[in-house]
Structures are given as structure tokens and as C-alpha cells.
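First to last, the protein sequences are chains Z and R. So for the first sequence, our numbering puts the first residue at 1; every next one is plus one. So for the second sequence, our numbering puts the first residue at 1; every next one is plus one. Where a beta carbon is used, it is the ideal one built from N, C-alpha and C, also for glycine. Predicted model, so just to flag it, every value in this text is computed and none were measured. What follows is a set of notes on a single structure, which appears directly below.
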Amino acid sequence: NAGVTQTPKFQVLKTGQSMTLQCAQDMNHEYMSWYRQDPGMGLRLIHYSVGAGITDQGEVPNGYNVSRSTTEDFPLRLLSAAPSQTSVYFCASSISTGRGSNYGYTFGSGTRLTVV
Amino acid sequence: AQTVTQSQPEMSVQEAETVTLSCTYDTSESDYYLFWYKQPPSRQMILVIRQEAYKQQNATENRFSVNFQKAAKSFSLKISDSQLGDAAMYFCAYRRDSGGSNYKLTFGKGTLLTVNP
């Protein structure tokens, strides 16, 4: 049981380049999300998905795209990287809420992205 | 919108002593969940403890316990018998229990805990 797998762990991009951060989970979780972590800012929600084919914007969606074609995968695309997107990115997943369930998220190990 | 506030950017504690990390939150909901996550230097986010708002009893997990004051919207974390491995960034987080956005976690900005030998 791998949990939530994020790749790559580190990445350096040049301004204007595009790339995709991969996220996969093997727990059959309906909910998946992407957060970015910046010093002094905590974790902020970029995009989230409540199931295959359904995505929505979070708090800081500009410059990012997502899609959810399968339950397992939730890639995050940077369309044209900017230095302001230098951050640590976390993918997280969760089962549906309901009393008696585990309401917490399972996080990936994060991707440290630097845009120069 | 819900907000989570951690007023202590940094805290320190002597090994084997007790430390309390503060968290307050703002919500108009009556049903929700609160969490404390630990992030060691490895960067991994680890769930420490969770509290359901409908439960009056404070959650406890070994050396970790919370003081949940629903009326005051306060959710502090107490770490007893602190160990060197407890040194980490700690995040308080909120999740509502109803409606279409009940899967979103809202985080505080974190408290960096140092444990001195």
C-alpha cells in the first residue's frame, strides 16, 4: 500500500517553462487536492477534486491546471512557470466524510519546485 | 470563510517537559473537525491528533492531547514528556462536516517547535 505518491521530489524550471507534477493514490479515495506551502503562509489550497471528472478551484488557482480522468491520478500542470510559483507542493487525498470515518488527509511527500 | 490562527510562530521546550501550542479558528458551522499535523524536517505531513466538534471529550493520543473549547473556538495541543523527535513544524487545520466543500482543509500558518536537550 503506497498511499499517496508524488513525483518528482525536486524540480528546477526556467521562467516560462511548463511541467506537470504527478500525484497518484492507491486507497480509492474520492477526494484529492493540491496545496502549496510557502514560508510563513502555511498550506494553501490550489485545486481539488471530489471524484473522477470533477475538479474545482481552491484559494490560489492562478497559473495552475488540473484534471481527474481516473480516481487514482490527479496531476497538477504549471502552464508557464513564474518565480512566484517557487514553493513546496503537496498532494493529499481523503475518503468521503461521514461520522465514523477517518476525516484526515493522507499527504504525499511533497515536491520542491524552484523557478529561476 | 473559515480561518485558522496560530499565534505562536515559534516555541521551545526542554526535553521531558510539557508544552502547549495554541490554535484558534473562526467558523459559523456547528459541525466540523479539527486536526493537528506535524511536519518534521523530512517534510512529510503527519496527522498527530483529530477532534470531532460534536464530541465534548478532548482527544488524546499517547503523549499528545488537545484542549477543545468549542464556545471559545480554541483548539490547543499539549505535548507531554517532550522528546527530541517532537521537534517539527506543527499545523492546526479545520475541516467542515457538511456541504459541498466539506473535504477542504484550512491550515494555520504553523508553529515551529524546538526541543532542547
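Using a cut-off of 7 Å between C-beta atoms, extract the partners of residue 107 of chain R located in chain Z.
The contacting residues are 42, 43.
Which residues share a DSSP beta bridge with residue 93 of chain Z?
Residue pairing by DSSP places residue 93 of chain Z opposite Z:32, Z:106 in a beta bridge.
Please confirm whether residue 51 of chain Z has its beta-carbon closer than 8 Å to some beta-carbon of chain R.
Chain R places no beta carbon closer than 8 Å to that of residue 51 of chain Z, leaving this residue out of the contacts.
Buried/exposed call for residue 110 of chain R, threshold 16 Cβ in 10 Å:
So residue 110 of chain R ends up on the buried side.
For residue 51 of chain Z, is the classification buried or exposed, using 16 other Cβ atoms within 10 angstroms of its Cβ as the cut-off for buried?
Residue 51 of chain Z comes out exposed.
Can you tell me which of R:97, R:74, R:45, R:107 puts its alpha carbon nearest to the alpha carbon of residue 42 of chain Z?
Checking every option, the nearest Cα to that of residue 42 of chain Z belongs to R:107.
Please confirm if residue 63 of chain R has its CB atom under 8 Å from at least one CB of chain Z.
No, residue 63 of chain R lies away from the interface with chain Z (no Cβ there is under 8 Å from its Cβ).
Interface flag, residue 75 of chain R vs chain Z, CB-CB below 8 Å:
No, no contact with chain Z.
Can you tell me whether residue 59 of chain R is buried or exposed? The criterion is at least 16 other CB atoms within 10 Å of its CB, across all chains shown.
Classification of residue 59 of chain R: buried, given that the 10 Å Cβ count is 16 or more.
How is the beta strand (DSSP E) around residue 23 of chain R delimited, first residue to last?
It is not in any beta strand (DSSP E) - residue 23 of chain R carries neither H nor E in the DSSP assignment.
In this structure, how does DSSP classify residue 85 of chain Z when only helix, strand and coil are distinguished?
Residue 85 of chain Z falls in the helix class under three-state DSSP.
Are the C-beta of residue 112 of chain R and some C-beta of chain Z separated by less than 8 Å?
With its beta carbon at least 8 Å from every one in chain Z, residue 112 of chain R lies outside the interface.
Using the three-state DSSP reduction, which class does residue 26 of chain Z fall into: helix, strand or coil?
Here residue 26 of chain Z carries a coil assignment [DSSP, helix/strand/coil].
When DSSP labels each residue in this structure, what does residue 40 of chain Z get in the three-state scheme?
It is coil, neither helix nor strand.
Within 10 angstroms of its Cβ, does residue 63 of chain R collect 16 or more other Cβ (buried), or is it exposed?
It is exposed - the Cβ of residue 63 of chain R has fewer than 16 other Cβ atoms within 10 Å.
If I'm right that residue 4 of chain R touches residue 37 of chain R with Cβ under 8 Å, what's the distance once you round it to whole angstroms?
Not really, about 11 Å apart at Cβ, beyond 8 Å.
C-beta contact flag for residue 32 of chain Z and residue 22 of chain Z at 8 Å:
Against a cut-off of 8 Å, the Cβ pair of residue 22 of chain Z and residue 32 of chain Z comes out as no contact.
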